[in-house]
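In the order they appear, the protein sequences are chains A and B.
The first sequence begins at 13 in our numbering and counts up by one.
The second sequence begins at -17 in our numbering and counts up by one.
Report on one structure; see the data block that follows.
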Amino acid sequence: MQSLELRERLIKATLFAATMVSVVAALSIFALLLYFSLPLFSIEGLRTVISWEWRPFSGHFGIMPMMVGSLLLSTGALLIACPAGIGICAFISVLAPGRFARPVSAIVHYMTSIPTVIYGFVSIFLLVPLIRDWLDKGTGLSLLTATITLSLLILPTIVLVYSAYIREKDKELKLTGAALGFSKSQYFLFILFPLTKKGLIIASILGFGRAVGDTLISLMLAGNTPLVPQSIFDSIRTLTSHIALVIATDSQSTFYHSVFAAGLLLFILMTAINIIIRKIGNSSQ
Amino acid sequence: MRFFLEKFFTAFAWLATFTAMSAIFILIGFLALRGYSTINLELFFGQANWLKAITGAQPVFGGLWPAMAGTIALVLLSCSIAIPVGVAAGIYLSEYASPKIQSAAGFAVDLMAGIPSIVMGLFGFSIIILLKNTFLPQARTCLMLAAVCIALLVMPYLIRTTQNSLQSISEERRLLGISLGFSTWQNIRHILLPSSSKGILSGIILSIGRAAEDTAVILLTGVVSQAFVPRSLWDKFEAIPFRIYYLAAEHRSSAELEQAYGAALVLLIITGLLFILAFLFQKSIEKKWIIR
């Protein structure tokens, strides 16, 4: 009996230790990023990073163009994926004739498992020539190319999260809609949609987070010029691909500080997104 | 006016669905048509004998085998770290944790889940800088480091799927073991885990796919474009997703481009098969963000 209790306690302690791995990892990621960007936390240091120029060999380490690049790209992808996601959710949950809803939903699930690098790869050989030759805009590696591809990448996130939310509401409201004699599209537009705004907001925030955090799409398709773009056909560089480019080209360690600043910025942004989603999620209960 | 809005919205919903579906079919069709002819033994092993290549008797030049071996090693290593720890943490969060710990540790797990993979790679890279500057000046990025970082990347997903599948077990099933006088662990081991094994397994399979496809983490933690099959945990390595990325930008000949198509199709097939496997284990794989 004694040994059984000891065993139980040992098991519980082991499982607890496993849980702590994530907590410790999250803390140490934050701590290391902070430690390596500490040299920047002075007026002089901040001035070098918060500037519009990235010319490392003449001492300009500004990451502002990359911040703008990340923001433009992610917002653009969201502006495409969000309405499309609403449409697809309406299709899956209400509008689709009997046999269509399930396969569409299965394909959206499947989209989550397509590797990012493959989205990038296929775009290079299909979308880039299209934009380069048909629209005759430079190399075809542009904000627009990356935005279109990235919107496809974040689409399943938005659809899955939002449609799960819709399904919950649909259970409660189905009868109401039927009783009012609404058509399918009326039911979605005037009952479901207004009552699932919160789900849409959560889905969009998660989709935005996924867009900001993605590296490969922008690295492969956006051209990586560290300048603020003048049009959607210009090349941009995001924070994520900036990190990849600077470290992969193995430049001097003085460049690294700005890279860690970019990493820290992304980490803080993701923390903020998490907190916001928690706040929204809790306010419902 | 309202009538117009309805018609317009219905048309829009059909169009959005149709466009997204076509995009995916074009993506798959394009890779299948373009890559299909490249898939043969030469794609993997170049001029080398495949049997000798797999046993390591003959080095492979110009084939995908080193990248394939690198990815397999990476997946095996990272999953052997992430699966035990992730599943254990999921069990703890679902069955033992007080609401307070559940919420606090849950926050850390969600935070980990949201960390972009490039930042995870940067974390690995910074560990190496730290080691270099302190007591291990010869430290360099390697297979082991990449595996640890990938493990951290997929772990939150494993934790959440385990926790969700356990928590979705009905109250009656839960009380079954307790009513027989089982201890907490006995109940978990003999009743709860078997009841939720399908959900947990599908989570495991999907994390294998995630570990195999990630490119941004390994970009900063030791992947290179030219290497042999990794001989030790402390070697640099090649990987399929990185090979695809590298060849897309840097192919110098049409043979290399053909290899890129082949590699992309191989990766798509692997992740597709894993997806189908996971789908068979659990018919609906939902990330239940909202329910909690």
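Each residue gets a CB set at the ideal place from its N, CA and C atoms; glycine is no exception.
| Item | Value |
| --- | --- |
| Residue burial classification, residue 36(A) (beta-carbon count within 10 angstroms, cutoff 16) | exposed |
| Within-8 Å CB hit, residue 239(A) to chain B | no |
| Three-pair Cβ contact test at 8 Å for the region 189 to 200 of chain B versus the region 223 to 238 of chain B | yes |
| Terminal residues of the alpha helix (DSSP H) in which residue 24(A) lies | 14 to 49 |
| Under 8 Å between C-beta atoms of residue 233(A) and residue 136(A) | yes |
| Alpha carbon of residue 274(B) to alpha carbon of residue 81(B), nearest angstrom | Bear in mind that the predicted position of residue 274(B) carries a pLDDT of just 32, short of 50, making it too unreliable to give a figure here. |
| Residue 94(B) and residue 30(A) closer than 8 Å at C-beta | no |
| Span of the alpha helix (DSSP H), counted from its first residue to its last, around residue 84(B) | 81 to 96 |
| Interface flag, residue 48(A) vs chain B, CB-CB below 8 Å | yes |
| Residues of its chain near residue 42(A), where Cβ-Cβ distance is below 7 Å and the 5 sequence neighbours each way are ignored | 279 |
| Cβ-based burial, residue 58(B) [other Cβ within 10 Å; buried from 16] | exposed |
| is_contact[residue 33(A), chain B] using C-beta, thresh 8 Å | yes |
| Local conformation of residue 27(B) per DSSP, three classes | helix |
| Chain B contact for residue 275(A) (CB, 8 Å cutoff) | yes |
| Cα-Cα separation between residue 217(A) and residue 163(A), rounded to whole angstroms | 14 Å |
| Residue 17(B) beta carbon less than 8 Å from that of residue 228(B) | no |
| With 16 other Cβ atoms within 10 Å as the buried cut-off, status of residue 50(A) | exposed |
| Straight-line gap, residue 67(A) to residue 167(B) (C-alpha atoms, nearest Å) | 59 Å |
| Own chain partners of residue 74(A) with C-beta closer than 6 Å, once the 5 adjacent residues on each side are dropped | 63, 64, 65 and 66 |
| Contact set between residue 195(B) and chain A, taken where Cβ atoms lie within less than 9 Å | 125, 126, 127, 128, 129 and 130 |
| Contact check, residue 100(B) vs residue 255(A), beta carbons under 8 Å | yes |
| Inter-residue spacing [alpha-carbon to alpha-carbon] between residue 79(B) and residue 71(B) | 10 Å |
| C-beta neighbour in chain B for residue 15(A), strict 8 Å | no |
| Residue range of the alpha helix (DSSP H) that includes residue 233(B) | Residue 233(B) -> no alpha helix (DSSP H), and no H or E assigned at all. |
| Beta carbon proximity, residue 92(B) to chain A, threshold 8 Å | yes |
| 6 Å CB neighbourhood of residue 272(B) in its chain, flanking five on each side removed | Caution is warranted here: a pLDDT of 33 is assigned to residue 272(B), below 50, making its placement in the model unreliable, and the coordinate value is therefore given only provisionally. So no residue of the chain qualifies. |
| Coarse secondary structure for residue 65(B), derived from DSSP in three states | helix |
| First and last residue of the uninterrupted alpha helix (DSSP H) at residue 77(B) | No alpha helix (DSSP H) contains residue 77(B), which DSSP labels as neither H nor E. |
| Alpha helix (DSSP H) runs contained entirely in the region 63 to 129 of chain A, provided each spans 4 or more residues | 76 to 102 and 113 to 123 |
| Residue burial classification, residue 47(B) (beta-carbon count within 10 angstroms, cutoff 16) | buried |
| Contacts that residue 73(B) makes with chain A (C-beta to C-beta distance below 7 Å) | 27 |
| Residue 117(B) in three-state terms, based on DSSP | coil |
| For residue 274(B), three-class secondary structure by DSSP | Low local confidence applies: a pLDDT of 32 at residue 274(B) is under 50, so the model's placement there is unreliable, and no value is given. |
| Contact under 8 Å by Cβ, residue 188(B) with residue 262(B) | no |
| Bounding residues of the alpha helix (DSSP H) (the contiguous stretch that carries residue 153(B)) | 153 to 161 |
| Close beta carbons around residue 159(B), own chain, < 7 Å, minus the five adjacent residues each side | 168, 169, 172 and 173 |
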